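To start, the structure itself, in structure tokens.
Number of protein chains: 2
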Amino acid sequence: MSTTTLPSSTAAIVLEAPGAPGSVLRYAHIAIPTDLADDAVALHILAAPINPSDLSAVQGVYPIQMAPVAVTGGSAFPEGTTVRVPGFECAAEVVAVGSAVSDIAVGDWVIPNKGGFGAWRAHAVVPESEVLVIQRADEAHSLKVADAATMIVNPPTAYRMLRDFETLKEGDVVVQNAANSAVGRYVIQMARNLGVRTVNLVRDRPEFDALAADLTSLGATAVIRDGDLDALKGWFAEHAPQGARLAFNAVGGASAARMVEVLGKGAHHVTYGAMSRDPVPVNATALIFKDIKMVGFWMSEWKKQASREATVEMYDALVAAIRAGEVIGPEFEHVEVPLSLDDATEERQAEVVANVAKAGSSFLGKKILLVFPH
Amino acid sequence: MSTTTLPSSTAAIVLEAPGAPGSVLRYAHIAIPTDLADDAVALHILAAPINPSDLSAVQGVYPIQMAPVAVTGGSAFPEGTTVRVPGFECAAEVVAVGSAVSDIAVGDWVIPNKGGFGAWRAHAVVPESEVLVIQRADEAHSLKVADAATMIVNPPTAYRMLRDFETLKEGDVVVQNAANSAVGRYVIQMARNLGVRTVNLVRDRPEFDALAADLTSLGATAVIRDGDLDALKGWFAEHAPQGARLAFNAVGGASAARMVEVLGKGAHHVTYGAMSRDPVPVNATALIFKDIKMVGFWMSEWKKQASREATVEMYDALVAAIRAGEVIGPEFEHVEVPLSLDDATEERQAEVVANVAKAGSSFLGKKILLVFPH
């Protein structure tokens, strides 16, 4: 918990220009400012998950800029090349604070509170306003690193989508596709905690029964193969003829359209992802006669609009639920990023980049957590 | 203005079962109750427009039931057959009132205030709660019959859509397709009265320039061929780079999608019709990153939900605007329905039915007004 001397450069996964993750990402060392500004905090980033939005940003199709940094060495880029650090999400331990920083102390754990943070680096120095404390130094180990590192994108998305569109009552029904995604699993658990039923669509697969049992253990009311419209309609006919109050769509296309069919009058259909990249075909009769509202949700935009108080209140609720075990995070495969240039052989560099790029091969594949060791 | 003795039957355009308008509609005489209940009003229907929704109801694809009545003669249906009278909209003169009716007097003009009114008949007897007075006997001739008969569907639709989704400021922009429809023409005029600009999409046609001049004379800011995305985007780039606050969609499919491209952040895209029958393709990026809200509007549902006070307030505003000439209704082709069986030769019957069915051949064709003479 003592103040650490910051190195003048640190390990990062970076890109110079957008493109396919497997082609454009590189391991490199990047510069760290040596003077700590009065309002700055110096961070050791503990871990950063790889989210679909990160890979969209790498591909240049996500409307948030990544921060520019200068390469100092250790990669194919010449020293001084300006590159960008991807990564919206991480958990970091504070290793030094500027002279005017009073609310954040060395040893605290923080998470980013801005878009385009640049999480895929072992160290960062940022203004204190760009982070939120989620664990004080004296609360050490009450949160797991993986849970802390994944607090920004997925749990808040599930939390807000369950609250910002409909006032749900006990017994109401939410339907969602990609129910096995990280957001989907948080939706299942948070809905269960609210007494709200969830109907969960997942793509058919050999291990469907095991997956269904897993989601059921988290509190899923029903798990149905996405595409089996008869089963979906049948469940609603039997258990909730009034239809669902909310649909959460991360897929698009036909999957999104099927959920429209089981929505109740006046319900919201919320799109937060687009795995299939297909537009959602919406029947005019659903809009006009059933008053279905097709809307989107973007966590980054919510954060931009929300007051710091509203943001802190939400994180307090989320951290409390996770600490209490009321909400359990997903499992991760850890990919360790070598800190020293000596350890970063060409083979290790290539392996790390390949693992990062692999994370994008399927939204529902194994989640990858980049880990930055001390 | 004296109380008229009601006949025991009256002329109507009816159907026994849903189907293609040209096949299932018949001229017939139908029964009228001979005793006037205390709360009833007896009406001579002056005129009834034929709207797309009426023809959808005739086809059995509109979710509002038409009232059952008994045939008394004059058609291919045997006497006593139960048939249904289409027609959601009309203006009627009150010819008699029940003993408990105090707010409505003989000579007043009324319009329906319920779904499935059954307007395509020369006379009707209904509870006073099912009509709204729009012109008192002593205000006679301050409204044209055609304007009075078309107060229920189109002007309120334009009025509500301009008010219920966005708080428009002077200079804001609304984009709409099918801008030459009756609703479209009311939108143009009411937006102009609010200081709101309209960008109006109409299908290309030989007389495009004349149509554009006509809409411009009503107050259209711009008239653009639907399908010319470059022209549409070009107009916004030059005149309103912040995009439109609202889109009104009566077409669906690609036309609906083009309007999404010129909406501003957080704007509403409102579907109120589906001429093309194609679903509205909803792009995930528009929902997520531009926060576009794809919703529907249905006047019948608004009326069901609204208080009588809110409804009366709206009609007062609409009638005042129409009386003042601030809003001008569309032109109609009149189709006179013969009242007496002697006049209703087989040829006349066939001609009337053919004209009604023709009204459905194109949403943008000549509007037809059924007229029921004394």
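Respectively, the protein sequence lines represent chains A and B.
Residues 1 to 374 (full-length UniProt numbering) make up the first sequence, in order.
Residues 1 to 374 (full-length UniProt numbering) make up the second sequence, in order.
Even for Gly, the Cβ is constructed at its ideal location relative to N, Cα and C.
Computed from a prediction, not measured in an experiment: that's the story for all the values here.
Next on the checklist: Counting only beta-carbon separations shorter than 7 angstroms, does residue 263 (chain B) have a partner in chain A?
Outcome noted: no
Checklist entry - Using a C-beta cutoff of 7 angstroms, does residue 289 (chain B) count as contacting chain A? => result yes
Item to check | Distance CB(residue 244 (chain A))-CB(residue 175 (chain A)) smaller than 7 angstroms | outcome: yes
Item to check | Residue range of the unbroken alpha helix (DSSP H) whose run includes residue 311 (chain B) | outcome: 308-323
Checklist entry - First and last residue of the beta strand (DSSP E) that includes residue 198 (chain A)? => result 197-202
Item to check | Spatial distance of residue 363 (chain A) from residue 320 (chain A) (CA atoms) | outcome: Here the model assigns residue 363 (chain A) a pLDDT of 48, short of 50, so the residue's position is not dependable and the matter cannot be decided.
Checklist entry - Going by the beta-carbon positions, is the gap between residue 51 (chain B) and residue 153 (chain B) smaller than 7 angstroms? => result yes
Checklist entry - Can you tell me where the beta strand (DSSP E) with residue 266 (chain A) in it begins and where it stops? => result 263-271
Checklist entry - CB-CB under 8 angstroms to residue 68 (chain A), same chain, minus the five flanking residues each way: which ones, in chain order? => result 82, 83, 84
Checklist entry - Using the C-alpha atoms, what's the distance from residue 156 (chain B) back to residue 133 (chain A)? => result 52 angstroms
Checklist entry - Along the region 179-199 of chain B, what residues have a CB closer than 9 angstroms to any CB found in chain A? => result none
Next on the checklist: Let me see if you follow: with CB-CB separation under 7 angstroms, is residue 294 (chain B) close to chain A or not?
Outcome noted: yes
Checklist entry - With 16 as the cutoff for other CB atoms within 10 Å, does residue 367 (chain A) come out buried or exposed? => result buried
Item to check | Closest residue to residue 222 (chain B) among B:26, B:89, B:117, B:197 (Cα-Cα distance) | outcome: B:197
Next on the checklist: Comparing C-alpha positions only, which one of B:305, B:345, B:322 sits nearest to residue 114 (chain B)?
Outcome noted: B:305
Checklist entry - Within 7 angstroms (strictly less), CB to CB, does residue 302 (chain A) reach chain B? => result no
Checklist entry - Per the contact definition of three or more C-beta pairs closer than 8 angstroms, is the region 227-234 of chain B in contact with the region 255-274 of chain B? => result yes
Item to check | Close Cβ partners of residue 159 (chain A) (< 7 angstroms) along its chain, the five nearest in sequence each way excluded | outcome: 190, 314, 318
Checklist entry - Grouping DSSP H, G and I as helix and E and B as strand, with all else coil, what is residue 211 (chain B)? => result helix
Item to check | Interface flag, residue 18 (chain B) vs chain A, CB-CB below 7 angstroms | outcome: no
Checklist entry - Going by beta carbon distance, what residues of the same chain come within less than 7 angstroms of residue 127 (chain A), once the five residues before and after it are set aside? => result 39, 40
Checklist entry - Can you check whether the CB of residue 32 (chain B) is closer than 7 angstroms to the CB of residue 123 (chain B)? => result yes
Item to check | residue 98 (chain B) to residue 106 (chain B) span [Cα, whole Å] | outcome: 10 angstroms
Item to check | Amino acids of chain A, ordered along the chain, whose beta-carbon sits closer than 7 angstroms to that of residue 271 (chain B) | outcome: 284, 287, 288
Checklist entry - Secondary structure at residue 218 (chain A), three-state DSSP: helix, strand or coil? => result helix
Next on the checklist: Looking at chain B, is there any beta carbon in it that lies within less than 7 angstroms of the beta carbon of residue 280 (chain A)?
Outcome noted: yes
Checklist entry - When we look at the beta-carbon of residue 61 (chain A) and count the other beta-carbons within 10 Å, is it buried (16 or more) or exposed? => result exposed
Next on the checklist: Can you look up residue 154 (chain A) in the DSSP assignment and give me helix, strand or coil?
Outcome noted: helix
Checklist entry - Quick one: is residue 379 (chain A) buried, meaning 16 or more other Cβ sit within 10 Å of its Cβ, or exposed? => result For residue 379 (chain A) there is no data in the structure shown, the boundaries of chain A being 1 and 374.
Checklist entry - What residue range is occupied by the uninterrupted alpha helix (DSSP H) comprising residue 356 (chain A)? => result 346-358
Checklist entry - Closest Cβ-Cβ distance between residue 165 (chain A) and chain B: below 7 angstroms? => result no
Checklist entry - Out of B:203, B:302, B:247, B:173, which has the shortest C-alpha to C-alpha gap to residue 238 (chain B)? => result B:173
Next on the checklist: So with CB distances below 9 angstroms, who are the chain A contacts of residue 297 (chain B)?
Outcome noted: 287, 288, 291
Item to check | chain A contacts from the region 243-254 of chain B (Cβ-Cβ distance under 7 angstroms) | outcome: 252
Item to check | Reduced DSSP secondary structure (H/G/I, E/B, other) of residue 288 (chain A) | outcome: helix
Checklist entry - In chain order, which beta strand (DSSP E) runs of at least 3 residues are fully inside the region 89-151 of chain A? => result 91-97, 109-112, 123-127, 131-135
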